[in-house]
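Asker: Have a look at the structure that comes next, please.
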Amino acid sequence: MNKFLAILILFIGYLRSVSCILCYQCNSTDLQDPFQCQEFLGDDIDIQPMPCDEVYGAAYCIKHTGRFEGGIGTRRYCSSVDMGNYCNYIKQPGDQREYRSCKFTCDTDGCNSASIQTISASVLAAISAFTIIYRYF
């Protein structure tokens, strides 16, 4: 029983170390790559989901469309906060019209696009190793 608990703790620790969420991270107002981060990502983009290592406790991917940073566009990023799914109409002082701003939150790799979700090879390897160790010990 003690071996089982030790193996289980090691397995959970391993999963925690490889469970960093991967999100698309881009900004359509980026002047270097303005067409890589549109509202709907097409098949011809060069960006891929990236690890969210720079955001402490990142567990969510966010897609924000609307007005921000002095422009209208789309921003995809990592977050440690579930921002929900909603749209608002916003009118800033001095604006002559309202702008629609939407935020979409999700919690799986690459989900702030329309990509197909797959299980990571390292997670499959860890599950296989755990099963083999458990069976023989």
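Per mature numbering (1 follows the signal peptide of the UniProt record, and there is no 0): the sequence shown = residues -20 to -1, 1 to 117. Beta carbons: idealized from backbone N, C-alpha and C, even for Gly.
#1: Would you call C32 buried or exposed, if buried means 16 or more other Cβ atoms sit within 10 Å of its Cβ?
#2: Out of F20, K43, V61 and I25, state which residue places its alpha-carbon closest to the alpha-carbon of Y36.
#3: Tell me which residues share the same chain as F57 and place their Cβ nearer than 6 Å to its Cβ, disregarding the 5 neighbours each side in the sequence.
#4: Note the first and the last residue of the continuous beta strand (DSSP E) segment covering I42.
#5: Mind checking who G53 pairs with in its DSSP beta bridge?
#6: Since G46 and C17 are thought to touch, with beta carbons under 8 Å apart, how far apart are those beta carbons, to the nearest angstrom?
#7: So, with DSSP's three-state summary, where would you put S95?
#8: Within this structure, are the beta carbons of G90 and P29 separated by less than 8 Å?
Answerer: Let me lay it out:
#1: The residue labelled residue 32 in the question sits at position 52 within the sequence shown. Buried is the label assigned to C32, since at least 16 other Cβ atoms lie within 10 Å of its Cβ.
#2: Residue mapping note: residue 36 aligns to position 56 of the sequence shown, counting from 1. The option with the nearest alpha carbon to Y36 is V61.
#3: On the sequence shown, position 77 is the one that residue 57 refers to. Note on identity: in this sequence residue 57 is Tyr, with Phe being the wrong assignment. So the list reads Q5 and I42, once near-sequence residues are dropped.
#4: Sequence index remark: in the sequence shown, residue 42 carries index 62 (1-based). Run containing I42: Y40 to F48, per the beta strand (DSSP E) assignment.
#5: Along the sequence shown, read from residue 1 onward, the residue named residue 53 stands at position 73. In the DSSP output, where bridge partners are listed per residue, G53 has G46.
#6: By one-based count along the sequence shown, residue 46 stands at place 66. By one-based count along the sequence shown, residue 17 stands at place 37. Between C17 and G46 the Cβ distance is about 13 Å, and since that is not below 8 Å, they are no contact.
#7: Along the sequence shown, one-based indexing puts residue 95 at 115. Note that S95 scores a pLDDT of 37, beneath 50, so its modelled location is shaky; the value from the coordinates is reported in the next line. Three-state DSSP puts S95 in coil, outside helix and strand.
#8: Translated into the one-based positions of the sequence shown, residue 90 becomes position 110. Translated into the one-based positions of the sequence shown, residue 29 becomes position 49. Against a cut-off of 8 Å, the Cβ pair of P29 and G90 comes out as a contact.
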